[in-house]
Amino acid sequence: MSNRRIRLLLLTPVVTGSLVVLPAAFAWSQASAAPAATCSISGVFPNGKVHLSGGGFTPGQALLSSPTAAGGSFTIAANGGFNMLNVENAQYTVSQGNQRTECSGFKGTTPQQDDEDNNQNNNRNMN
């Protein structure tokens with residue numbers, strides 16, 4: 002047998018194996034990248050409360066915490082999302098295991114404060 006034929010016999014399984022493994026490894030790395038969890042606070046309602054919602058979480062138990070408002074344990078739905086209506090206007094964090102997701106959208110004002118600020122700005126602009 003010639004050297005050329007021996008090299009071909011030895012290299013064929015290696016090349017074929019790498020062609021099979023590379024796409025599988027690429028697909029596995031994409032599948033293991035979990036979607037990023039998000040949480041947001043809606044605008045402030047006339048009663049001073051807000052709507053809190055999120056998605057991309059692992060279904061099951063989670064913890065809602067805030068430095069200034071009541072929190073507690075709640076359940077993330079099977080689709081990875083949640084909705085909470087009429088919660089205190091505050092800055093929130095959703096925790097699951099070691100993962101912590103800060104909720105965006107907190108502005109720290111109520112509609113009455115917004116109206117007062119707008120009135121003060123309008124008065125300054127008129128003078």
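Residues in the sequence shown are numbered consecutively from 2, following this note's numbering. The beta-carbon is built from N, C-alpha and C at its ideal position, and this holds for glycine as well.
Classification of residue 65 by the beta-carbon crowding that lies within 10 angstroms, buried from 16 upward: In the sequence shown, counting from the first residue as 1, residue 65 sits at position 64. By the C-beta density criterion, residue 65 is buried, having at least 16 other C-beta atoms within 10 angstroms.
DSSP beta-bridge partners of residue 99: Position 98 of the sequence shown, counted from the start, is the residue given in the question as residue 99. Paired residue(s): none; residue 99 is not in a bridge.
Residue 78 burial status per 10 Å Cβ neighbour count (16 or more: buried): As a first step, residue 78 must be located in the sequence shown, where it is residue number 77. If you draw a 10 Å sphere on the C-beta of residue 78, you find fewer than 16 other C-beta atoms in it, and that means exposed.
Residue 96 versus residue 49: straight-line alpha-carbon distance, rounded: Translated into positions along the sequence shown, residue 96 becomes position 95. Translated into positions along the sequence shown, residue 49 becomes position 48. Spanning the two alpha carbons is a distance of roughly 25 Å.
Buried versus exposed, by CB contacts within 10 Å (16 or more), residue 37: One-based indexing of the sequence shown puts residue 37 at position 36. Result: exposed.
Whole-angstrom distance between residue 61 and residue 100, CA atom to CA atom: The residue given as residue 100 occupies position 99 in the sequence shown. The residue given as residue 61 occupies position 60 in the sequence shown. In a straight line, the C-alpha of residue 100 is about 13 Å away from that of residue 61.
Cα-Cα separation between residue 109 and residue 43, rounded to whole angstroms: Here the question's residue 109 lines up with position 108 in the sequence shown. Here the question's residue 43 lines up with position 42 in the sequence shown. Straight-line Cα distance between these residues: approximately 12 Å.
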